[in-house]
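Structure, as structure tokens:
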Amino acid sequence: MIFIEMEDKFRDLIPGELLREAAQKALQIDLLEEIPSVSIKITDDEVIRHLNSTYRGVDRATDVLSFEADYYDPDLESRYLGDVVISYPQAAEQANKRGHPVVSELQLLVIHGVLHLLGYDHGSAEERSAMWMIQEQALDALGLDIKVEDEE
Numbered sequence: 049m050i051f052i053e054m055e056d057k058f059r060d061l062i063p064g065e066l067l068r069e070a071a072q073k074a075l076q077i078d079l080l081e082e083i084p085s086v087s088i089k090i091t092d093d094e095v096i097r098h099l100n101s102t103y104r105g106v107d108r109a110t111d112v113l114s115f116e117a118d119y120y121d122p123d124l125e126s127r128y129l130g131d132v133v134i135s136y137p138q139a140a141e142q143a144n145k146r147g148h149p150v151v152s153e154l155q156l157l158v159i160h161g162v163l164h165l166l167g168y169d170h171g172s173a174e175e176r177s178a179m180w181m182i183q184e185q186a187l188d189a190l191g192l193d194i195k196v197e198d199e200e
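All letters in the sequence shown, in the order written, are residues 49 to 200 by the working numbering.
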């Protein structure tokens with residue numbers, strides 16, 4: 049099950065079903081036998097900056113954070129993978145720079161965050177290459193032609 053939570057000020061700007069579909073594509077690409085549950089939260093820079101500072105020691109807003117849980121939830125009767133938190137303002141800024149709609153950037157960030165929950169990372173060139181390849185496959189499956197340049 050994919051849970052979508054949005055702050056009220058963003059609710060009318062984002063079709064939640066498109067975010068859910070992006071999460072499902074990322075989970076399906078990894079060829080899991082059973083699709084786990086994931087929560088996606090769309091928030092603002094203030095909240096994500098606080099989370100980034102608290103959990104990563106980086107006192108600035110960022111685009112996406114992933115918080116791995118990875119446990120079996122008896123209430124959901126499935127594995128709960130974790131939470132993906134996305135800053136709408138950061139997504140909007142990046143979409144503007146990259147020249148595509150904000151919803152496409154949000155879908156990219158959902159995929160990116162879910163891949164982190166699945167254990168992918170981009171700390172080394174090899175890890176980055178593998179993660180970017182899977183990310184591109186999920187974007188292609190959604191019909192999105194977004195090429196993410198290595199900005200790190």
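We put the CB at the ideal spot given by N, CA and C, even for glycine. The structure displayed is predicted, hence computed values, not measured ones.
CB-CB length for I90 against F58, believed under 8 angstroms: Separation of the CB atoms of I90 and F58 is rounded to 5 angstroms, and the pair is thereby assigned contact status at 8 angstroms.
Length at least 4, wholly inside the stretch 159-183: the alpha helix (DSSP H) runs in chain order: Taking only runs of at least 4 residues, no alpha helix (DSSP H) segment lies wholly in the stretch 159-183.
Spatial neighbours of L156 in its chain, beta-carbon cut-off 6 angstroms, leaving aside the 5 residues before and after: Only I194 meet the Cβ criterion.
Secondary structure, alpha helix (DSSP H): runs of 4+ residues fully inside the stretch 98-127: Along the length of the stretch 98-127, whole alpha helix (DSSP H) runs at least 4 residues long do not occur.
R127 versus V133, Y136, E116, Y103, residue with shortest Cα-Cα distance: The residue from V133, Y136, E116, Y103 with its alpha-carbon nearest to that of R127 is E116.
Reference L124, options E82, H98, P137, H160, closest by Cα: With distances taken between Cα atoms, L124 lies closest to E82.
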